[in-house]
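For reference, the structure discussed in these notes is given below.
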Amino acid sequence: MTFKITKAHIKESLEELFAVECEGYIESMQEQLISFSQNTLNIHPKFLIDALATFKITNPYNNNTLNFIDSVDKSYKGIISAVNYLGLNQESSNHLLQSSGTTTLTYKHFFKFTLTSPLIRLNYNKANRIYTNTNIIEVIKTILNFYAGRIHKEVDFSHLRYSYEVKELITQYQESDLAFVTRLAHNNGIHFYEDDNTIYFCDDYKEPLSKTIPYNPNPNNSLNELCINSFFKQENILANSFTQSSENGAYPLNLQSLNHNMSMDSNYIFYNQHEYDSQNSFTLQADLETPLKLKEKHYTLFKESVLAKSNVYHLKLGERINIDLNKGLNKETLKDYAIIALEQTLIDTALLANTINPNDNIQDTSFIRSYANILTIVPSIVSFAPNFKSKPIPPYSTQGIIIGQSTNIQEESNTIYSDEYGRVKVRINCFANQEAIDNHSNKDEQSNQRYIYSYSPFLRVSTPIASNHSGFYHTPRVGDEVIISYLDNDIDKPYISGSLYNNTNPSLPSLPNNNHITSLSSKTIGTKENGRNELTFSNVKDEEEIYLKAEKDYKELIQHNSSQHILNNKDSIVDGFYTERIKKAHTQTIDLAKNVNVGGEYLTNVALSKDTMVGISNTLNVGLDNKLRVGKNSHEYIGESKSVEIGGNQNIIIHKDESRNIKGNKSEVVEGKVELDSTKGINYMSQEHINLEALNYIDISTKENFSTQTDKQHTEEADSKYSEITTDYEVQAGNQILYQVGETTIYMQSDKIIFRAGGVEATLDSKGFIVKGGEVKAE
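Structure representation (structure tokens):
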């Protein structure tokens, strides 16, 4: 189907897609717009919209003086994005002539068209997607891959000179795919444009220097010489034209770098941004310097750009041309420029006949055809920098679910998956719908690739206090529902600002029975774990309570004093061991009573001394054994009496000497017998007397000698006395010895022995033996 174009307006730029707005007609034998016959042409607009089409410009001048290497025709391939059926123009039909000069009998149906780049199809789909740990080129390729077979042209990235760093997060939110691709490209110094077969992505001018075009300001260009006939430029005062630096926070700019040589290329390919000392991510470095960047390049581009009007229809977007200002082809007069925008107007007056609109800008109504264009050109040493494209405004806040290493949240529920900075990953809910849509479409195409657009990179977690001097730290668990907010209202700076309970992730206190409590709790990590640490405040009137639960261990560190005041009772139960260490003194004051019950052993270990003061009485009740071990000396002081009662035996072992000092009397009552066994001697000493008294008898037995010694009188009294001496019996007296039985005596002195018995006295001395009162007989 071929339409004859009577009027066309073409706009193309390195900033935006090309668009051709044109008017024309098609000749048909049928009068009606809609045909019901299969053999006739159906020209209903619904069959034209979104159809592939080619707009072609042939040479509008018959006597052009310059021959270019380019083909005679210039064409634009795209799709019809808008159609307006204007109907039949009967007046035009009656006057439009064929080449033979005869009136046509066919019907002419008039239309208005808009022909645009096939990339316009990307503009009709708004989407929400997250791309993580990739660069912008890969993201652009992914987006374009969605439209494989629908943009009808090859995509060429081979003209990108710079490398583009991997970013943690690149977000598309409520943006069409075209707006998203444009923003990513332009904000990183990349422009894209196309010809009939290829779409080019470039970060510098692709086309080489190709043409030399003269400058001819003569308005009477009767020979239709292809030339540039005029230049014009508009200037407006800008803040950065006279201030040292911009104070606009959204567009920071340092003019000092604008004084650099424009041919100097910068490795920095990002727009200036506010970056703070505390960067928005642990992996991004704070950079407060302002090197030559895209906004400054764009400012330079704006200053150096010039508008030129010409009649040269072969020019292409992005093309470099030489402009000969003096038409002498002198190299000194040639200026090298690059075309960054092109606006063309074409009117075919022969076809219009008497239907020309008086508002049409036609230079000469005698021309069969009229063509003019306006070029936006810059010196080719000035790099092209597209306008900054604002990011979409993110939601004030949105919801998400904490995720783990896998995509199965249920299998990793209540576990922790974080990086070394404590950041966690989130499935952001508002991106999940797009993920489902794309995966469903992908399933229809029988592809095994699964898109994941809702899973974020590691995000920072907001906390009421965050500092290396003080802070409140918490790592959300897999399955937790969280609130996502955005720093600086930037869609690429999400962070976790809060958490929410839901039906699958309810609060630990059961509700509504416990809605009166305030609780800080943390469940044991693990999918099937139920234990938790808990600090709970109960706020029922007269039942106020603070409850602290440690699922396992509980530790306290107090680096100075600790004070506790309990106005009523205190109960403490330890099911296991209780260990307490006090490195200095321990003072305990009990105003009333203390009761210590030890079910097993009780051990007190005092490294130095131990003093126990009891004001009144001290009672020690020991159910079984009582042992007292003293490493050295033991002293006991009793102000008055001491009573010891032993139900069984008493055994005392003294490894050295025993000394007792009894300042009063000593009385011992032994209901049984007393045995005293000494490996050496036994000495009893008394300042007065010693009495040994037995109701029965006293036995003194020794295997060797037995001696008794007194300085004065030695008296023995007994009913009878028996002595059996196995060998010798010797009695020595310093003065005399007296033996007496009744009236009979034996009296011995050193010089004599006197015997008295029955009135007879016998004396034995040195003189002999003398008997008095009796006679001496010998038998």
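Everything in the sequence shown is counted per full-length UniProt numbering, starting at 1 for the first residue and increasing by one.
Yeah, the Cβ is synthetic: ideal placement off N, Cα and C, and Gly gets one too.
When DSSP labels each residue in this structure, what does residue i get in the three-state scheme?
i	result
Thr536	strand
Phe458	coil
Arg183	helix
Ile170	strand
Phe113	strand
Gln410	helix
Cys430	helix
His298	helix
Asp156	strand
Ala585	coil
Glu580	coil
Leu603	coil
Lys141	helix
Arg450	coil
Asn515	coil
Tyr251	Any reading at Tyr251 is ruled out, since the residue's pLDDT is 44, under 50, leaving its predicted position unreliable.
Tyr739	strand
Asp438	helix
Arg121	helix
Asp488	helix
Pro509	coil
Within 10 Å of its beta-carbon, does residue i have 16 or more other beta-carbons around it, so buried, or fewer, so exposed?
i	result
residue 782	Absent from the model: residue 782. The displayed extent of the chain is 1 to 779, so no value can be given.
Val630	exposed
Ile381	exposed
Asp196	exposed
Ile228	buried
Ala185	buried
residue 851	The structure shown has nothing for residue 851, since the chain only spans 1 to 779.
Ser456	buried
Leu624	exposed
Ser370	buried
Leu346	buried
residue 811	Since the first and last residues shown for the chain are 1 and 779, residue 811 lies out of range.
Gly773	exposed
Asp336	exposed
Gly318	buried
Ile558	exposed
Asn187	buried
What's the gap between the Cα of residue i and the Cα of residue j?
i	j	result
Tyr215	Ser310	9 angstroms
Arg183	Pro512	50 angstroms
Leu209	Leu160	19 angstroms
His52	Ala82	One point to set straight first is that residue 52 is Leu, not His, in the sequence displayed. Their backbone Cα atoms lie some 12 angstroms apart in a straight line.
Ile746	Phe755	5 angstroms
Glu343	Phe431	39 angstroms
Val614	Ala593	12 angstroms
Tyr729	Ser723	10 angstroms
Ile654	Gln687	26 angstroms
His714	Lys777	38 angstroms
Asn683	Gly734	26 angstroms
Asn505	Asn414	10 angstroms
Glu775	Glu743	19 angstroms
For residue i versus residue j, is the C-beta distance shorter than 7 angstroms?
i	j	result
Ile491	Ser454	no
Phe192	Ala308	no
Glu23	Lys112	yes
Pro392	Tyr173	yes
Leu500	Ala385	no
Leu764	Ile753	yes
Thr376	Ala341	yes
Ser522	Ile496	no
Lys4	Tyr25	yes
Val478	Glu412	yes
Arg150	Arg129	no
Asp177	Gly189	no
Ala762	Val771	yes
Ile80	Ile49	yes
Under the DSSP definition of a beta bridge, which residues are partnered with residue i?
i	result
Gln399	Ile483
Asn373	Ser310 and Gln344
Lys549	Glu534
Pro386	Answer is none; Pro386 lacks a bridge partner.
Gly87	Phe110
Taking Cβ positions only, does residue i come closer than 7 angstroms to chain C?
i	result
Leu676	Absent from the structure: chain C. Only one protein chain is present.
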